[in-house]
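Note that the sequence shown covers residues 1 to 583 in full-length UniProt numbering.
From the three backbone atoms N, C-alpha and C, an ideal C-beta is built for every residue, glycine too.
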Amino acid sequence: MNRKTEGLSLNCLKDFLMSSSIIVPYIEENDKTPVWDGNLFIYNNPPKGNYDHKKADLNSKIPVQVKGKTVKKLHENYTSYSFSLNDLEAYYKDGGVILFFVEIDSNDIYNRRIFYESLLPYDIKKVTNNFTCDSKKNIKLKHLKENDVKKFEDECENFIINREMQYSTKDLNLSLEEAKELIIKGKSRNSQICDYLLQNSVYLYGKKHKNDPIPLIIDKVNLASIEKKVNRNVSINGNVYFKNYKIEKNKESEKLILSDKLKLIFKDNNCKFDYIYHDNFAKRFNSIEFILKIIENGGFLISDKFISLDKAKFDYENIKNDYDNLEKIGALLNIFKIKYSRLNLDEIKNEDAKNLDMLINSMIFNKNISNINNLPGIFKVKIGNINLLIFVYKNNDKVIMKNFGDLKHSIRFKINNIEFKNASPFIILQFEDILNSDNIFPSLISKNVIESDYTRNYSEYVVNLLLNIIKVYDKTKKTSYLNAGLEISEWLKKNDQNNPIHIINEFQIYARKRDLTSVEIDLLKNIIKNNKKHEKYTILLTCIYILLQDFKNFKKIFNKLSTEQKKEVKKYPIYQLYEINKS
Numbered sequence: 001m002n003r004k005t006e007g008l009s010l011n012c013l014k015d016f017l018m019s020s021s022i023i024v025p026y027i028e029e030n031d032k033t034p035v036w037d038g039n040l041f042i043y044n045n046p047p048k049g050n051y052d053h054k055k056a057d058l059n060s061k062i063p064v065q066v067k068g069k070t071v072k073k074l075h076e077n078y079t080s081y082s083f084s085l086n087d088l089e090a091y092y093k094d095g096g097v098i099l100f101f102v103e104i105d106s107n108d109i110y111n112r113r114i115f116y117e118s119l120l121p122y123d124i125k126k127v128t129n130n131f132t133c134d135s136k137k138n139i140k141l142k143h144l145k146e147n148d149v150k151k152f153e154d155e156c157e158n159f160i161i162n163r164e165m166q167y168s169t170k171d172l173n174l175s176l177e178e179a180k181e182l183i184i185k186g187k188s189r190n191s192q193i194c195d196y197l198l199q200n201s202v203y204l205y206g207k208k209h210k211n212d213p214i215p216l217i218i219d220k221v222n223l224a225s226i227e228k229k230v231n232r233n234v235s236i237n238g239n240v241y242f243k244n245y246k247i248e249k250n251k252e253s254e255k256l257i258l259s260d261k262l263k264l265i266f267k268d269n270n271c272k273f274d275y276i277y278h279d280n281f282a283k284r285f286n287s288i289e290f291i292l293k294i295i296e297n298g299g300f301l302i303s304d305k306f307i308s309l310d311k312a313k314f315d316y317e318n319i320k321n322d323y324d325n326l327e328k329i330g331a332l333l334n335i336f337k338i339k340y341s342r343l344n345l346d347e348i349k350n351e352d353a354k355n356l357d358m359l360i361n362s363m364i365f366n367k368n369i370s371n372i373n374n375l376p377g378i379f380k381v382k383i384g385n386i387n388l389l390i391f392v393y394k395n396n397d398k399v400i401m402k403n404f405g406d407l408k409h410s411i412r413f414k415i416n417n418i419e420f421k422n423a424s425p426f427i428i429l430q431f432e433d434i435l436n437s438d439n440i441f442p443s444l445i446s447k448n449v450i451e452s453d454y455t456r457n458y459s460e461y462v463v464n465l466l467l468n469i470i471k472v473y474d475k476t477k478k479t480s481y482l483n484a485g486l487e488i489s490e491w492l493k494k495n496d497q498n499n500p501i502h503i504i505n506e507f508q509i510y511a512r513k514r515d516l517t518s519v520e521i522d523l524l525k526n527i528i529k530n531n532k533k534h535e536k537y538t539i540l541l542t543c544i545y546i547l548l549q550d551f552k553n554f555k556k557i558f559n560k561l562s563t564e565q566k567k568e569v570k571k572y573p574i575y576q577l578y579e580i581n582k583s
């Protein structure tokens, strides 16, 4: 490059940088420094007034190499220039470089065009194939347009950030598969950071272990989109529908993601509402109500900012019809005290839909239902993934349906020709009823049972219910069943303190929670001594030896039982403790 070409090239670059408020070039003409031609000094802040930049505001400097050439025709967007492998290796060791190449029109020396490429250690290794290329390497350079000063400022600041990230680890690398944590760093003073990251290639770093102090370079990538979670309320008329949302940006549009299936897409000053029905009832009801209220109010609030939407873009009639149908289902779930999130609408098939209509007509609209026999009675009704236990009876030829969980002690019923009054109807529940009925809750069972008057007949059925509750715990491992069982057990023991069965059942609940205490163990041993005349003494012994984890004596007694007695013991939930602990 002759002196004239060099001068024209440097002047062209300096003229371009004159409009920058944070970049000061220190590039000397006819500079004899090997490899580099000078530096760009990058400042954190523009100078005040007509003064020079303050030294304290200096961010860093970037080494540059400037080349120039006279050509018959200027390239448009890209060109290339050949750099020596030795120079590229020197740039690599130094932490990177920005290469400039100025094309000068041979017919008009004032018609010039700047091309450039910033090369960090990762880029240099890649273009040289880890320094295995020939002695020269053509580097592709992109056009630096006259109005790109602000964009170039951002690129310089990000060059400095990524140079610091790569310099000390430039000889190391990490694969995407090895990374446990991914990191992208960047900044932009002239645009939103998301826009900058989407419009430019960015360096992807990672850590093999989360506690690694320094991340390693993985690759240089182009981001398809950026997603950000925002913890702000989305509301209409004081009702909060979403407590957070996500913003997803790509090069063409921006999405406001309120849920996995409810999105607002903003593009070219237009807004498109994108909603796919949720299978989950709670999410669908919330989303449909939200859309309906948008139509009625013309928009919604994010914190205190109102987002206006065009009502005409919504099908109000269909949305209102959907909402009305969902509201009926919600009212039914409220009767059965079932959380909206429990119901999956996609699991409601033909027969389930008929059941749903029947319950809504009877329990919401008080309509009479025909073709139901064997009344009064208890029925299991399935609605998708929800199983309900209902009590159905007739009152003046009208069929009445009730949530079994709402039954009070005022009803009278018979079990095995024994009439019960002022007793909990829950004592008729079997294991499958408790396990599979979504409207029968453990706390509801215990509360209902212990509010009844204690009688000998009643207590026998309560004990059977208690054993079924413990079995359900063993099946589900939900501690709420143990807690309910313990409340019932304590109530039984309070009303019949010397009954060894109540003590054993209470202790088998404890045994599922913790080790028995020495006091509890002594009490069990006393039961063995003091209850030899009990009608089921041998059965009691097997249960106590299981609790004491004395499996030698358990087997000794168990083997003496009749076949029927063995079957009886194996049906008790306490036998599960033996199965668990015997090894």
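| Query | Result |
| --- | --- |
| Whether L429 touches K475 by CB criterion (8 Å) | no |
| Secondary structure of F266, DSSP reduced to three states | strand |
| Anticipated Cβ contact below 8 Å, L99 with E117, distance rounded | 5 Å |
| Rounded straight-line distance, which links the Cα of A282 to that of D276 | In the sequence on display, residue 276 carries Ile and not Asp. Rounded to whole angstroms, I276 to A282 spans 14 Å at the Cα level. |
| I383: first and last residue of the uninterrupted alpha helix (DSSP H) it sits in | Not the alpha helix (DSSP H): I383 falls in the beta strand (DSSP E), residues G377 to I383. |
| Which listed residue (E419, N371, D260 and L388) has its alpha carbon closest to that of P398 | Note that residue 398 is Lys in the sequence shown here, rather than Pro. Out of E419, N371, D260 and L388, N371 has the C-alpha closest to the C-alpha of K398. |
| Residue span of the alpha helix (DSSP H) that contains G7, given as start and end | R3 to L17 |
| Length-filtered (3 minimum) beta strand (DSSP E) runs lying within the stretch 111 to 177 | 136 to 144 |
| Given I62 as reference, the closest of A56, S82, G38 and N45 once Cα atoms are compared | G38 |
| C-alpha distance - L172 paired with N222, whole-angstrom precision | 22 Å |
| Where L407 sits in the DSSP three-state scheme | coil |
| The stretch 149 to 166 touching the stretch 59 to 74, judged by at least three CB pairs closer than 8 Å | yes |
| Per-residue burial, E153 [other beta carbons within 10 Å of its own, 16 or more giving buried] | buried |
| For S259, the residue or residues it bridges with in DSSP | L262 |
| Buried versus exposed call for I557 [16 or more other C-beta atoms within 10 Å across all chains shown] | buried |
| Three CB pairs or more closer than 8 Å across the stretch 536 to 550 and the stretch 499 to 513 | yes |
| Contact set for D433: own chain, Cβ-Cβ below 7 Å, skip 5 residues either direction | L389 and I440 |
| Bounding residues of the beta strand (DSSP E) (the contiguous stretch that carries N239) | N239 to F242 |
| Which of helix, strand or coil DSSP assigns to S370 | coil |
| C-beta contact flag for I288 and I257 at 8 Å | no |
| Inter-stretch contact (C-beta, 8 Å, three-pair minimum) for the stretch 84 to 91 and the stretch 141 to 150 | no |
| F16 beta carbon less than 8 Å from that of I114 | yes |
| L119 burial status per 10 Å Cβ neighbour count (16 or more: buried) | buried |
| Inter-residue spacing [alpha-carbon to alpha-carbon] between E460 and L292 | 54 Å |
| Closest by C-alpha distance to I418, when choosing among Y458, K125, I294 and I348 | Y458 |
| Residues of its chain near S489, where Cβ-Cβ distance is below 8 Å and the 5 sequence neighbours each way are ignored | L466, H502, N505, E506 and I509 |
| Beta-carbon gap between I469 and P442 smaller than 8 Å | yes |
| Beta-carbon separation (whole angstroms), N244 vs K261, contact threshold 8 Å | Actually they are not in contact, since the Cβ atoms of N244 and K261 sit about 16 Å apart, beyond 8 Å. |
| CB contact below 8 Å: K170 versus chain B | Absent from the structure: chain B. Only one protein chain is present. |
| Where K477 sits in the DSSP three-state scheme | coil |
| Which of helix, strand or coil DSSP assigns to I542 | In the sequence under discussion, the amino acid at residue 542 is Thr, which differs from the Ile named in the question. Looking at T542 - three-state DSSP - the assignment turns out to be helix. |
| Coil, strand or helix - residue 585 by DSSP | With the chain running from 1 to 583 in the structure shown, residue 585 is simply not present. |
| Y575 - DSSP class collapsed to helix/strand/coil | helix |
| Strand pairing of K394, partner residues [DSSP] | V399 |
| D310 versus I295, I450 and M18, residue with shortest Cα-Cα distance | I295 |
| Straight-line gap, D352 to L486 (C-alpha atoms, nearest Å) | 36 Å |
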